[in-house]
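Numbering (my numbering), first residue to last: 8 to 422. Some notes on the structure that comes next.
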């Protein structure tokens with residue numbers, strides 16, 4: 008439909024339609040769902056900004072007219088410098104008119120233009136801009152470093168906020184989908200969208216700024232499939248699985264930034280595929296915690312320090328079992344011995360490691376003595392070379408002129 012409309016308006020060419028659609032999707036101005044394009048809030052805000060302050064350049068006639076001028080340039084009927092000069096003269100004038108605007112002026116203009124989309128009429132006839140978090144507050148469009156959102160005019164006294172929209176939301180209020188009421192508290196349970204994805208929320212933000220309870224949707228969960236029962240389960244997390252049989256401390260199950268997990272004290276273990284966060288039992292949780300402790304803490308930098316087994320029974324010095332690049336091994340004062348297939352760094356004993364070290368040292372033999380360093384011969388003609396030559400057997404010491412040269416005769420001798 009979009010391509011057909013572009014053809015009717017004379018915008019673009021068949022060779023450019025694919026790139027136009029790709030840019031719209033890459034910049035997240037629209038989303039493609041079942042071969043249909045749906046406008047995103049980012050695209051709506053960009054269009055509202057252009058229509059408010061650069062209306063001439065988003066009109067259909069302007070784009071179609073510019074296409075005709077480009078065709079004339081390609082046919083050598085119009086000089087490209089003239090077209091570029093006319094375009095820049097008007098464009099720089101439009102920039103000069105808007106560069107001194109305040110951010111508040113821009114937000115007010117966007118809020119007024121997007122009001123029908125952001126604040127549609129409610130079924131009960133109440134003011135769609137009335138803040139549900141306080142009395143007397145008015146909902147307006149606001150911008151932050153994380154994007155646009157809807158906030159209360161009584162901030163910071165009232166901290167009520169909501170996103171612009173929730174994907175797939177078919178409810179009356181944009182950005183909030185009511186799923187029902189919590190039978191224990193009587194508070195509304197709503198589905199919302201945040202910076203880290205969709206989530207469910209219990210109640211609303213109170214006047215003193217205390218945040219209501221929230222829970223993110225697990226990865227792979229479709230927001231349209233979330234109902235009240237599922238939401239209450241998510242809001243009940245983290246739940247206590249049971250008490251650890253060794254120390255009696257509670258083991259909890261919850262969903263974090265990196266997915267579902269099991270927690271015991273300061274130890275966190277991720278659930279594996281097939282584990283259900285709502286039904287995982289105590290035995291499974293204890294096993295996951297034990298496996299995580301056995302692996303040890305993750306090292307961000309440096310090599311594996313290994314497992315210290317103790318001092319060598321006869322030679323002294325520590326023996327360490329490690330996992331190396333080419334497999335597990337034990338090390339003692341520079342001697343490394345590879346473990347056999349039936350041994351691991353976690354199970355090998357000190358006696359077994361010492362036997363492997365001794366066998367390896369016996370096979371290698373004593374360390375070869377270092378060869379004496381060969382003295383560097385001095386360069387010919389230097390003082391060191393002359394001095395060294397005079398010390399050789401059969402060499403004649405010469406304190407006079409250099410060897411091979413006849414002595415200079417004095418004037419008296421020549422006469």
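Even glycine gets a Cβ: it sits at the ideal position worked out from N, Cα and C.
By DSSP's criteria, residue i is part of a beta bridge. Which residues make up the other side?
i: residue 326; result: 317
i: residue 36; result: Answer is none; residue 36 lacks a bridge partner.
i: residue 356; result: In the DSSP output, where bridge partners are listed per residue, residue 356 has none listed.
i: residue 146; result: 159
i: residue 423; result: What the structure shows of the chain is the stretch from 8 to 422, and residue 423 is not part of that stretch, so it cannot be assessed.
i: residue 151; result: 154
i: residue 205; result: 200
i: residue 44; result: 39
i: residue 169; result: 157
i: residue 137; result: 145
Please report the Cβ distance between residue i and residue j, rounded to the nearest whole angstrom; I am assuming they are in contact, meaning their Cβ atoms lie under 8 Å.
i: residue 18; j: residue 67; result: 7 Å
i: residue 150; j: residue 157; result: 11 Å between Cβ atoms; not a contact.
i: residue 225; j: residue 258; result: In fact, because the Cβ distance is near 20 Å, the residues do not count as touching under 8 Å.
i: residue 196; j: residue 239; result: 7 Å
i: residue 118; j: residue 148; result: 4 Å
i: residue 269; j: residue 296; result: 6 Å
i: residue 367; j: residue 342; result: 6 Å
i: residue 242; j: residue 293; result: Not confirmed; about 26 Å, so no contact.
i: residue 320; j: residue 361; result: 6 Å
i: residue 288; j: residue 277; result: Actually they are not in contact, since the Cβ atoms of residue 288 and residue 277 sit about 17 Å apart, beyond 8 Å.
i: residue 199; j: residue 169; result: 7 Å
i: residue 13; j: residue 24; result: 6 Å
i: residue 220; j: residue 209; result: 5 Å
Which of the three DSSP states, helix, strand or coil, is assigned to residue i?
i: residue 348; result: coil
i: residue 50; result: helix
i: residue 85; result: coil
i: residue 339; result: strand
i: residue 333; result: coil
i: residue 308; result: Confidence at residue 308 is low in this model, with a pLDDT of 49, below 50, so its placement is unreliable and no value can be given for it.
i: residue 3; result: This structure gives no information on residue 3, because the portion of the chain shown stretches from 8 to 422.
i: residue 105; result: helix
i: residue 111; result: helix
i: residue 130; result: coil
i: residue 123; result: helix
i: residue 63; result: helix
i: residue 300; result: helix
i: residue 191; result: coil
i: residue 100; result: helix
i: residue 27; result: helix
i: residue 80; result: helix
i: residue 20; result: coil
i: residue 72; result: helix
i: residue 14; result: helix
i: residue 278; result: coil
i: residue 9; result: helix
i: residue 369; result: helix
i: residue 164; result: coil
i: residue 58; result: helix
Would you say the beta carbon of residue i is closer than 7 Å to some non-hydrogen atom of the ligand NAD?
i: residue 144; result: Ligands displayed in this structure: none; no statement on the ligand NAD is therefore possible.
Under 8 Å, Cβ to Cβ, is there at least one residue of chain C near residue i?
i: residue 263; result: The chain inventory of the structure shown lacks chain C, comprising one protein chain alone.
Exercise. Unbroken alpha helix (DSSP H) runs of length 4 or more, entirely within the segment 219 to 276: which are they?
Worked result: 235 to 242
Problem set entry | Cβ pair count under 8 Å reaching 3, the segment 348 to 364 against the segment 313 to 323 | yes
Problem set entry | Touch test, the segment 99 to 108 against the segment 122 to 131, Cβ-Cβ under 8 Å, three pairs minimum | no
Exercise. Is it true that the segment 184 to 204 meets the segment 224 to 243, where meeting means three or more beta-carbon pairs spaced less than 8 Å apart?
Worked result: yes
For this session: Evaluate contact between the segment 30 to 44 and the segment 81 to 97, counting only Cβ atoms and requiring at least three cross-stretch pairs below 8 Å.
Result: no
Exercise. Between the segment 137 to 144 and the segment 69 to 84, do at least 3 Cβ pairs fall closer than 8 Å?
Worked result: no
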